[in-house]
Structure formats: structure tokens, C-alpha cells
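In our numbering, each residue carries its 1-based index in the sequence shown increased by 164.
Everything on this sheet refers to the single structure shown next.
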Amino acid sequence: MYLKNKALSFVWDLISVTIAAQLVTTPISIFYFHQFPTYFLLSGIVLVPITSFVIYLTLLSLAFSMFPAVSHVFTIGLKYLVIFMNQFTTFIE
């Protein structure tokens, strides 16, 4: 679906990816674990964009690893993003 508003388009893309992933994994989850994840939409909307930043910061930290001071700045940001992701996941559960 094409939306002219970039913010709405971004949110729509996040929701679409989250629902598509959930449609694929739900039967597997129900079969093996006998549970249905109920908060997938909320967690997907929050965690998918943060995961993108985690990947970018990891690559930047690796790319600048020969400059420890610069790499350290990216690593600090990465640390706090991962901590937030873990705390948010714990809160959602």
C-alpha cells in the first residue's frame, strides 16, 4: 500500500512486517508451545525500528573498531538500546 505521508507509511510498513511474521510463526508457536503470543503487534511496532538501529550501531562500531574512542561512542548507544529492548520485552511479557 502506498501512502504519501512518510510517517504513516513507516508505521504501515512496521505493522505489515509484524503481522506477516506473526502469521508465519503463529502455527509453529501453537504447535510446539501450545501458546499464542498476544502482544505481538505492540512489541513489533516498538522493537522492529530499534532493532534496525542496533544493527546500524553494531556495524558502525565494527567499522570504527580501529579507532577505540569513536567505536566506544557507538558501543555505549548500542548498550542502552539493547537494555531498553530487554526491559520493554520484560514489561510486555
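Even for Gly, the Cβ is constructed at its ideal location relative to N, Cα and C.
- When C-alpha distances from I179 are compared across V212, Y220, F231, F197, the shortest belongs to V212.
- Only residues of its own chain outside the window of five on either side were considered, and among them S225 have a CB closer than 6 Å to the CB of T239, listed in chain order.
- In the structure shown, the three-state DSSP call for F231 is coil.
- Comparing alpha-carbon positions, the option among L206, I214, V181, K168 lying closest to F248 turns out to be I214.
- In terms of Cβ geometry, T189 and F200 do not form a close pair [threshold 8 Å].
- Ranked by how close their Cα comes to the Cα of F217, the residues L167, L242, A185 have L242 in first place.
- Scanning the segment 165-202 from its first residue to its last, the whole alpha helix (DSSP H) runs of 4-plus residues come out as 170-197.
- Non-local C-beta neighbours of Y203 in its own chain, meaning closer than 6 Å and more than five positions away in sequence, comprise I256, ordered along the chain.
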